[in-house]
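Reading through the structure tokens given below for one structure.
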Amino acid sequence: VIGVLALRTTGVAFMIVTMMFAQVFYLIILYLAAWTGGDQGLVVPQSARVLVLGDTSLGLTNPTVRYMSALVLFSIVLLVTLAVVRSRYGRVLVAIRENEERTKMLGYDTFSNKLAAVVVSGTICAASGAAYALLFGYVGSTFASVQYSILPLLWVLLGGAATTLGPLIGTLFMYHVVDVTSGYTSAYLLIVGIALILLVLFFPKGVLGTIRQRWLGWLP
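Here this note's numbering is used: the first residue of the sequence shown is 4, the next is one more, and so on.
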């Protein structure tokens with residue numbers, strides 16, 4: 004439903020509309036505190052944080068099990084994403100990104116394809132949120148705030164929006180920057196902002212996007 008409404012806009016307007024929906028859901032979570040926990044959030048009981056594999060039960064409170072579970076989930080999502088990008092549907096999405104009007108002239112239903120992309124990305128995000136709750140045993144209202152919608156977009160743009168591995172590179176880099184700078188100053192977001200500005204100036208297509216354009220054209 005959100006995709007159908009948001010896709011009536013394009014460009015920056017599309018981003019603003021999706022941010023508005025995110026803020027609406029954030030306020031709903033705060034308002035329905037009796038069910039969502041409001042600012043306090045919800046704690047997932049340990050009995051629900053158990054990974055069952057046949058006759059074996061693995062508790063997600065164990066750091067090793069938690070790490071390996073996250074790694075497996077990430078690997079599955081990465082492989083699925085690569086498969087989508089290299090499929091016929093992925094090539095249609097690339098064509099829409101480059102020239103939507105020409106893609107329409109070729110007979111493709113661009114709206115349906117874009118809606119499917121929104122559904123796929125929303126499904127991955129929802130699954131990630133559910134996995135986070137199980138892995139760490141907590142989910143709070145702040146995870147639905149605009150901040151957690153904007154920051155992932157920045158990490159994606161930093162790594163390379165038109166690449167598959169770029170978001171991973173951008174996320175790893177910025178989390179490292181945040182981790183290091185937050186240990187020295189409470190104004191670490193200022194340093195993060197400066198780093199983003201410099202990287203945008205020198206890597207306009209993102210880190211991996213620029214590397215692929217200049218040196219390694221085979222990168223996904």
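Beta carbons: idealized from backbone N, C-alpha and C, even for Gly. Small disclaimer: the values here were computed from a predicted structure and weren't measured.
Once you ignore the five residues that flank residue i on each side, which residues in its own chain have a CB closer than 7 Å to its CB?
i, result
"tyrosine 191", "Val181, Thr184 and Ser185"
Looking at C-alpha atoms only, which residue of the options is the closest neighbour of residue i?
i, options, result
"valine 1", "Ile32, Ser131, Gln43 and Gly44", "Residue coverage of the chain in this structure runs from 4 to 223, which leaves residue 1 outside it and unanswerable."
"valine 80", "Gly125, Leu211 and Phe176", "Gly125"
"phenylalanine 28", "Leu175, Tyr151, Pro155 and Leu161", "Tyr151"
"isoleucine 127", "Phe77, Val7 and Phe206", "Phe77"
"glycine 40", "Leu8, Gly143, Ser189 and Ser72", "Gly143"
"alanine 165", "His179, Arg94 and Ala119", "Arg94"
If I follow the unbroken alpha helix (DSSP H) through residue i, where does it start and stop?
i, result
"valine 27", "14-34"
Is the beta carbon of residue j closer than 8 Å to that of residue i?
i, j, result
"lysine 107", "leucine 10", "no"
"arginine 52", "glycine 140", "yes"
"methionine 177", "valine 203", "no"
"leucine 157", "leucine 222", "no"
"glycine 162", "threonine 174", "yes"
"alanine 25", "valine 121", "no"
"arginine 69", "leucine 154", "no"
"leucine 54", "leucine 45", "no"
Under 7 Å from any heavy atom of the ligand MN, does the C-beta of residue i make it?
i, result
"serine 144", "This structure does not include the ligand MN; it has no bound ligands of any sort."
For residue i and residue j, which I take to be in contact (beta-carbon distance under 8 Å), what is that distance rounded to the nearest angstrom?
i, j, result
"alanine 147", "isoleucine 32", "5 Å"
Can you find the residues in the same chain that come closer than 6 Å, C-beta to C-beta, to residue i, ignoring five residues on each side of it along the sequence?
i, result
"threonine 12", "Val20"
"threonine 113", "Ile99, Glu103, Thr106 and Lys107"
"serine 60", "Val53"
In the DSSP assignment, find the unbroken beta strand (DSSP E) run with residue i in it and report its ends.
i, result
"leucine 56", "53-56"
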